[in-house]
Structure formats: C-alpha cells, structure tokens
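Following full-length UniProt numbering, the numbering of the sequence shown begins with 1 at its first residue and continues without gaps.
For glycine and all other residues, C-beta sits at the position ideal for the given N, C-alpha and C.
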Amino acid sequence: STGTTLVSIFILLVSTNYFMPCKAQLSTNFYDNTCPNALTTIQSSVNAAVNGPWWTVRLGRRDSNTSNATQAVSDLPRGNFNLTELIANFARKGFNEREMVALSGSHTIGQARCIRFRGRIYNNPLRIDAAFNSSLSAVCPPTPPNGDSNRQPLDLVTPNTFDNNYFRNLVNSRGLLISDQVLFNGDSADSIVTEYVDNPATFNADFAAAMVKMSEIEVVTGSSGIIRTVCGSPVANGLVMSGSNGQNLHQAS
C-alpha cells in the first residue's frame, strides 16, 4: 500500500542517517559513499507509490536538543484559515503566496476527518458544489461528536495519486477544507490555481522548489544538535531520556 511504502522509505532514511558520520553542512551527495543506492531506491519507490515529482533534498541534518509540541502546532496552518491567514502563516516561515498555493497542492493526497471539514459543509459562505456538499453531509452529520472521525479524501478524484486534480476540484468548488477552497474564491490566489490547472508541469516544478525550501528551514547540521534514538522522547544534554513507555536512556551519537 501507499502508506506501507512511505513508512519503509522513512525507515531507510532514518537508518542510513543514523550510522552516517556527521558533516558540517547539508549536502546533495550525503549518501554517495556509505549508501550509494539509497536515493535511487527511494525515488523509484515514491514514483511507484504516488507518481509524483522528484526533487533533490540536501541531506545531513540532525535533531534539535529540545522539542516544543505547542510551538510546532502553532506553526501549522489550520483547516479553517481564510486566505489572509494562510498568507500570513506561510510568510512567517519565508514563503510567498505562490509558494503557499503550491505547497497546498500536497492535499492531492491524504484524508481529513469530519471534525475538520464540518465547517465547510454547514453555514459556510464559500462556494461549494451541491453534489459534493450532499456527499459530505452523508458522512459528516451537523451535530458533533456524531461522525467526528469519519474520513474523506482531500482529493476526491485521484486520492492516491500526486497530480493537479486538487486544483481542478477548487475551480469546481469541491475543496474539502475551508483553507482549500479559499485558494479559489475570487481573490488573489485564483490566478495561481488556474495556472496550475492549465499547466501541471508548472505546479510540479513550483511544488518541488517550495519543498526544497521548506526542508531547509532552521536546520541543524554538523556537530550541533543530536541524533535521537527514540524520536518521540524528550531530549536533554544530548541524551534521549526515558519516556512514559519505560524505555531506557540512550546516548545519542
């Protein structure tokens, strides 16, 4: 399945990175000596899973010494954001409106729960296709918590394929989340959405460039930070501390 393939890719990346000697800077040829076939394997697996674009990400990043879940969540765009809020949210990390729209195209794959799109169905002023609205209402009742965990694909046309149908859906008033449909609602982002509908290669190129840019936000390299042996555990002084799961301390090396 797509999920199994992507998990396998993640494990490969983590395992190869863990046993690599640290380098001072990010590099596009990070695995060339120790794992020369890694990128080829990953590329072919991703293409087979979702048929999406490919881009080169500079590798060699490490984990930070601390984690702040509240801050991480506060950085994320919300499903009920309007266009102004989306633009401001992405601008805080250095992205312009075009890059924001391109990255929103990642919703060509994935699902959302009823609790996240209920506001799109009921009493929402944004345009919504009548048949689409009816299909959503059938799986997402108006009164919570009824149906809160019921899921719908973010792209109802090709939910497991990376393509530009997400933007076609917006033009047809079939954006699942409020923050999806605001990208095509008579405002400044409309022209970008239309361009991506007409030119899928342009979307792929813009998405790849924006993903590379996002991958280099506040990275930790060289001897800074650590490599965590338990990704979800609190970190202090280079150690991965024992968590609620009772795992032992591990020296991060």
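Near G105, what residues of its chain come up, given a Cβ to Cβ distance below 8 angstroms and the 5 sequence neighbours on each side ignored? Counting from one through the sequence shown, the residue named residue 105 turns up at place 105. Excluding sequence positions up to five before and after G105, its CB lies within less than 8 angstroms of the CB of N164, Y166, F167, Y196, F203, F207, all in the same chain and listed in chain order.
Any idea what DSSP makes of R168, helix, strand or coil? As a working note, residue 168 is residue 168 in the sequence shown. Three-state result, R168: helix.
Please specify which runs of the alpha helix (DSSP H), each continuous and at least 4 residues long, are wholly inside the stretch 189-232, giving them in chain order. Fully contained in the stretch 189-232 are the following alpha helix (DSSP H) runs of length 4 or more, in chain order: 190-198, 200-215.
Can you give me the Cβ contacts of V101 inside the same chain, cut-off strictly under 7 angstroms, excluding the 5 residues immediately before and after it? Here residue 101 is taken as the residue at index 101 of the sequence shown, counted from 1. Taken in chain order, the residues that qualify are L183, A189, I192, V193.
Could you please give the first and the last residue of the uninterrupted beta strand (DSSP E) stretch that includes R127? For the purposes of this step, residue 127 is taken as the residue at position 127 of the sequence shown. Counting along the chain, R127 falls outside any beta strand (DSSP E), and DSSP gives it neither H nor E.
Any 3 or more C-beta pairs closer than 8 angstroms across the stretch 54-70 and the stretch 82-95: Touching, no.
Is it true that the CB of Q152 sits closer than 8 angstroms to the CB of L136? The residue given as residue 136 occupies position 136 in the sequence shown. The residue given as residue 152 occupies position 152 in the sequence shown. Cβ distance < 8 angstroms, so L136 and Q152 count as in contact.
Determine the burial state of T108: buried for a count of at least 16 other Cβ atoms within 10 Å of its Cβ, exposed for fewer. As a first step, residue 108 must be located in the sequence shown, where it is residue number 108. Around the beta carbon of T108, 16 or more other beta carbons lie within 10 angstroms, which makes this residue buried.
For L176, count neighbouring Cβ atoms within 10 angstroms of its own Cβ and tell me buried if that reaches 16, exposed if not. Residue 176 sits at position 176 when you count from the first residue of the sequence shown. Answer is buried; the Cβ neighbour count reaches 16.
Using only the alpha-carbon positions, how far apart do D198 and L170 sit? Position 198 of the sequence shown, counted from the first residue, corresponds to residue 198. Position 170 of the sequence shown, counted from the first residue, corresponds to residue 170. Going by the C-alpha atoms only, they are around 13 angstroms apart.
Can you tell me where the alpha helix (DSSP H) holding R116 begins and where it ends? By 1-based counting over the sequence shown, the position of residue 116 is 116. It spans 114-121 - the alpha helix (DSSP H) in which R116 sits, taken as one unbroken run.
Let me know the secondary structure DSSP gives P153 once reduced to three states. Taking the sequence shown and counting its residues from 1, the one referred to as residue 153 is at position 153. P153 falls in the strand class under three-state DSSP.
Please classify V73 as buried or exposed, where buried requires at least 16 neighbouring CB atoms within 10 angstroms. Against the sequence shown, residue 73 aligns to sequence position 73. V73 comes out exposed.
Tell me the DSSP bridge mates of L86? Start at 1 with the first residue of the sequence shown, and residue 86 comes out as number 86. The partner list for L86 (beta bridge, DSSP) is empty, contrary to what the question assumes.
D187 to P159, Cα distance in whole Å? In the sequence shown, counting from the first residue as 1, residue 187 sits at position 187. In the sequence shown, counting from the first residue as 1, residue 159 sits at position 159. Per the coordinates, the alpha-carbon of D187 lies some 26 angstroms from the alpha-carbon of P159.
My output table needs one value for L176: the three-state DSSP class, helix, strand or coil. Looking up residue 176 in the sequence shown gives position 176. It is coil, neither helix nor strand.
Under the three-state reduction of DSSP, which class applies to S64: helix, strand or coil? For the purposes of this step, residue 64 is identified with residue 64 of the sequence shown, where counting begins at 1. Coil at S64, not helix or strand.
Count the other CB atoms within 10 Å of the CB of I121; is the residue buried (16 or more) or exposed (fewer)? One-based indexing of the sequence shown puts residue 121 at position 121. Buried.
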